[in-house]
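Novice: Can you keep this structure in mind? I'll have questions shortly.
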Amino acid sequence: MIDQFADVFEGIGQLSGVCKLKLKEGAVPTIQPPKRVPFASEKRLKAELDRLEQMKIIEKVTKPTDWVNSVVIVEKANGNLMICLDPVGLNKNLKRPHYPIPTFESIAQRCAGAKIFSKLDATNGFSSMMLDDETSDLTTFNTIYGRYISKRYPFVLNSAQDYFQRKMEETFENLWA
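Under the working numbering, think of the first position of the sequence shown as 1133, with each following residue one higher.
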């Protein structure tokens, strides 16, 4: 099936709509300097930034933004680098929607009597949620190669699971028996 409908399974996907983050009243913007990157990792960092930019997950910016976050570079088991936004100041100032995540029991109850089941692999699921322009500006981050914004939802924002759960329920609400 994947081969037959390869065009449907290309890329990271995109859920409908955009996410708009809300700041707490009186939020004071923070500007973080870029963190040091080991010299041996600089070329791989640039390659990963270029890859994410090509996939339209991030975008290079030169315009002034009120919020500037730093990033943490993590080496994955396969040797690739993962760029993780480090939004300490931003997370402290975000209003969370506190969307409930269903328990196993509630899901099992909804599935009672069902005969057909499907499995969804939501790898990079947060990245399937687009951000509006104002929210993208909040995710501005500093690197040794310049500043970038996230065009898609970074997994490290404290409200990511709330928005993702809501999007999943909106997407699949008509499938419940």
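Here a beta-carbon is modelled for each residue, glycine too, at the ideal position from N, C-alpha and C.
This one's a predicted model, so the numbers in the text were calculated from it and none came from an experiment.
(1) Can you tell which of D1139, P1170, V1150 has its C-alpha closest to the C-alpha of I1276?
(2) Return the chain-ordered list of same chain residues with a C-beta closer than 7 Å to the C-beta of S1202, the five sequence neighbours on each side being excluded.
(3) Please give me, in chain order, every unbroken run of the alpha helix (DSSP H) with length at least 4 that falls completely inside the stretch 1181-1258.
(4) Let me confirm a value: A1309 is counted as buried when at least 16 other C-beta atoms fall within 10 Å, else exposed. Which label applies?
(5) Got a sec? Which residues, its chain only, sit under 7 Å from L1270 by beta carbon, not counting five neighbours each side?
(6) Sort R1176, S1173, V1220, I1190 by Cα distance to P1161 and report the nearest one.
(7) Give the secondary structure of L1270 by DSSP, where H, G and I count as helix, E and B as strand, and everything else as coil.
(8) Would you identify the three-state DSSP class for T1162, choosing helix, strand or coil?
(9) Taking the DSSP output, what are the residues bridged to V1169?
(10) Work out the CA separation of I1215 and K1208 for me, nearest whole Å.
(11) Using the Cβ count rule (16 or more neighbours within 10 Å means buried), how would you classify K1283?
(12) For the beta strand (DSSP E) containing R1279, list its first residue and its last residue.
Specialist: Let me lay it out:
(1) P1170
(2) Q1164, P1165, P1166, K1167, D1218, F1273, N1274
(3) 1220-1225, 1236-1243
(4) With a pLDDT of only 49 at A1309, under the threshold of 50, the placement of this residue in the model should not be trusted, and no figure is reported.
(5) L1153, W1199, L1222
(6) V1220
(7) Of the three classes helix, strand and coil, the one that applies to L1270 here is helix, per DSSP.
(8) coil
(9) Beta-bridge pairing links V1169 to no other residue.
(10) 10 Å
(11) buried
(12) Its beta strand (DSSP E) spans residues 1278-1282.
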